[in-house]
Amino acid sequence: MNGVDLPPSPPSLPIIGHLHYLLLSFLHHKSFLHYKSFHTLSSKYGPLLHLQFFFFPAILVSSAPVAYQIFMTHDVNISSRNLFSDASGFFTAPYGEHFKFMKKLIVTNMFGPQALEHSRSIRADELERSYMNLVNKAKKKESVDIKKEAMELIGNIICRMSFGRRFTEEIGEADSVQGSVIKSSGTKKKMILEILFFFEILLFRQVEKLGISLFKKDITAVLKKLNELLEKIMLEHKEKPNMNGYNDMMDLLLSVYEDENADYKITKNHIKAFFVELIFGGIDTNVITIQWTMAEIVNNPIIMERLREEIDSVVGKSRLIQETDLPNLPYLQAVIKEG
Numbered sequence: 004m005n006g007v008d009l010p011p012s013p014p015s016l017p018i019i020g021h022l023h024y025l026l027l028s029f030l031h032h033k034s035f036l037h038y039k040s041f042h043t044l045s046s047k048y049g050p051l052l053h054l055q056f057f058f059f060p061a062i063l064v065s066s067a068p069v070a071y072q073i074f075m076t077h078d079v080n081i082s083s084r085n086l087f088s089d090a091s092g093f094f095t096a097p098y099g100e101h102f103k104f105m106k107k108l109i110v111t112n113m114f115g116p117q118a119l120e121h122s123r124s125i126r127a128d129e130l131e132r133s134y135m136n137l138v139n140k141a142k143k144k145e146s147v148d149i150k151k152e153a154m155e156l157i158g159n160i161i162c163r164m165s166f167g168r169r170f171t172e173e174i175g176e177a178d179s180v181q182g183s184v185i186k187s188s189g190t191k192k193k194m195i196l197e198i199l200f201f202f203e204i205l206l207f208r209q210v211e212k213l214g215i216s217l218f219k220k221d222i223t224a225v226l227k228k229l230n231e232l233l234e235k236i237m238l239e240h241k242e243k244p245n246m247n248g249y250n251d252m253m254d255l256l257l258s259v260y261e262d263e264n265a266d267y268k269i270t271k272n273h274i275k276a277f278f279v280e281l282i283f284g285g286i287d288t289n290v291i292t293i294q295w296t297m298a299e300i301v302n303n304p305i306i307m308e309r310l311r312e313e314i315d316s317v318v319g320k321s322r323l324i325q326e327t328d329l330p331n332l333p334y335l336q337a338v339i340k341e342g
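Position in the sequence shown (from 1) plus 3 gives the number in our numbering.
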């Protein structure tokens, strides 16, 4: 970055730069709520700021019009997300041939209209399972942990769409994808991961030469376990392709990996890194959205009643909502988007 072209910057400290603003939030909330720190900074110093964390420069954008211009007009210029110097993942890959090839593959075969239509039965089946589980708990007058139920629902959907295995399904020695994710999302682990993903990846990678590498043991243990599980799943798919009666994402990526004439050559590490990013990123984001949306609905009886009226009038009370009902449920769509 050229200092002449940089946006204004809040007062900083020697060496650590603006790190202390984020640390204050962590000490106050006992959790790494960096978005609150960023909101405080932007409210006081402006919507476009230059921040420095050790040797790592960053631009904080908190203005909707500016953010729109950056992501719509200058998208290609800011699309490199190579946070890891040796990363093989898709979501953190720099904008280049690997990113474009994987994006085309994923959009076409996992998130495209035809792919979503093909996997609709998976989502419907998992929703039915989750519903019956909640009904059984209600009959037994048991309490419901929304986070746990949402994690199982979203995890099962993502994992079945990805590699044909349920999130809660055990593999071999009582291992499951769920086990690895839960280990990383417990109170202590969650705090460690939150700190790690911001400090270790964005900051301390810049000063590893000084011997600074916090929490590496914890995250390495979780990723090692998940890596072993993915190796087992990859082996199963290689030995029994289309084992679930259709080509899932694992089958597709393995076929590209083994194809000598593929447009772009991917490695096993590319495949495993993609699923690690998908599992951790896809599950956690959706679970948090469900939690907050449910909390807002419960705390706003008027919204809950309006939702119930719309669903009863369109769907009725004898069946669950189906994806084909969504175009006829505008208020539900608005609530989901707001969440």
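The C-beta atom is built at its ideal place from N, Cα and C for all residues, glycine as well.
Opening and closing residue of the alpha helix (DSSP H) in which residue i lies
{"i": "residue 277", "result": "271-301"}
{"i": "residue 153", "result": "149-166"}
{"i": "residue 334", "result": "333-341"}
{"i": "residue 262", "result": "Neither: residue 262 is in no alpha helix (DSSP H) and is coded neither H nor E."}
Contacting residues, own chain, Cβ-Cβ under 6 Å from residue i (five flanking each side not counted)
{"i": "residue 252", "result": "113 and 165"}
{"i": "residue 307", "result": "300"}
{"i": "residue 149", "result": "294 and 297"}
{"i": "residue 94", "result": "280"}
{"i": "residue 143", "result": "none"}
For residue i, three-class secondary structure by DSSP
{"i": "residue 323", "result": "coil"}
{"i": "residue 229", "result": "helix"}
{"i": "residue 20", "result": "strand"}
{"i": "residue 251", "result": "coil"}
{"i": "residue 330", "result": "helix"}
{"i": "residue 309", "result": "helix"}
{"i": "residue 25", "result": "helix"}
{"i": "residue 304", "result": "helix"}
{"i": "residue 317", "result": "helix"}
{"i": "residue 9", "result": "coil"}
{"i": "residue 124", "result": "helix"}
{"i": "residue 132", "result": "helix"}
{"i": "residue 144", "result": "coil"}
{"i": "residue 243", "result": "coil"}
{"i": "residue 268", "result": "coil"}
{"i": "residue 171", "result": "coil"}
Contacting residues, own chain, Cβ-Cβ under 7 Å from residue i (five flanking each side not counted)
{"i": "residue 147", "result": "137 and 140"}
{"i": "residue 169", "result": "159, 162 and 163"}
{"i": "residue 66", "result": "50 and 51"}
{"i": "residue 145", "result": "none"}
{"i": "residue 241", "result": "257"}
Spatial distance of residue i from residue j (CA atoms)
{"i": "residue 281", "j": "residue 63", "result": "25 Å"}
{"i": "residue 9", "j": "residue 129", "result": "49 Å"}
{"i": "residue 3", "j": "residue 262", "result": "Outside the shown range of the chain, which is 4 to 342, sits residue 3, and nothing can be said about it."}
{"i": "residue 46", "j": "residue 116", "result": "41 Å"}
{"i": "residue 15", "j": "residue 57", "result": "10 Å"}
{"i": "residue 288", "j": "residue 153", "result": "11 Å"}
{"i": "residue 314", "j": "residue 237", "result": "41 Å"}
{"i": "residue 80", "j": "residue 74", "result": "9 Å"}
{"i": "residue 352", "j": "residue 17", "result": "Nothing about residue 352 can be reported from this structure: the residues present for the chain run from 4 to 342 only."}
{"i": "residue 266", "j": "residue 342", "result": "39 Å"}
{"i": "residue 157", "j": "residue 131", "result": "13 Å"}
{"i": "residue 43", "j": "residue 335", "result": "32 Å"}
{"i": "residue 107", "j": "residue 100", "result": "11 Å"}
{"i": "residue 278", "j": "residue 119", "result": "18 Å"}
{"i": "residue 213", "j": "residue 257", "result": "Low per-residue confidence applies at residue 213: pLDDT is 48, beneath 50, and the placement is therefore not dependable, though the value from the model is reported in the following sentence. Using only the alpha carbons, I get a separation of about 39 Å."}
{"i": "residue 320", "j": "residue 254", "result": "39 Å"}
{"i": "residue 135", "j": "residue 273", "result": "37 Å"}
{"i": "residue 121", "j": "residue 325", "result": "14 Å"}
{"i": "residue 310", "j": "residue 269", "result": "46 Å"}
{"i": "residue 338", "j": "residue 292", "result": "11 Å"}
{"i": "residue 322", "j": "residue 133", "result": "14 Å"}
Chain-order list of residues whose beta-carbon lies under 8 Å from that of residue i (same chain, five-residue window excluded)
{"i": "residue 40", "result": "24, 25, 27 and 28"}
{"i": "residue 317", "result": "328, 331 and 332"}
{"i": "residue 22", "result": "16, 56, 57 and 206"}
{"i": "residue 11", "result": "48, 49, 51, 52 and 53"}
{"i": "residue 13", "result": "21, 24, 44, 47, 48, 52 and 54"}
8 Å Cβ cutoff, residue i in contact with chain C
{"i": "residue 150", "result": "Here chain C cannot be found, since the structure has a single protein chain."}
Entirely within the segment 38-122 and at least 4 residues each: give me those alpha helix (DSSP H) ranges in chain order.
At a cut-off of 4 residues, the continuous stretches assigned as alpha helix (DSSP H) that sit fully inside the segment 38-122 are 67-76, 100-109 and 116-121.
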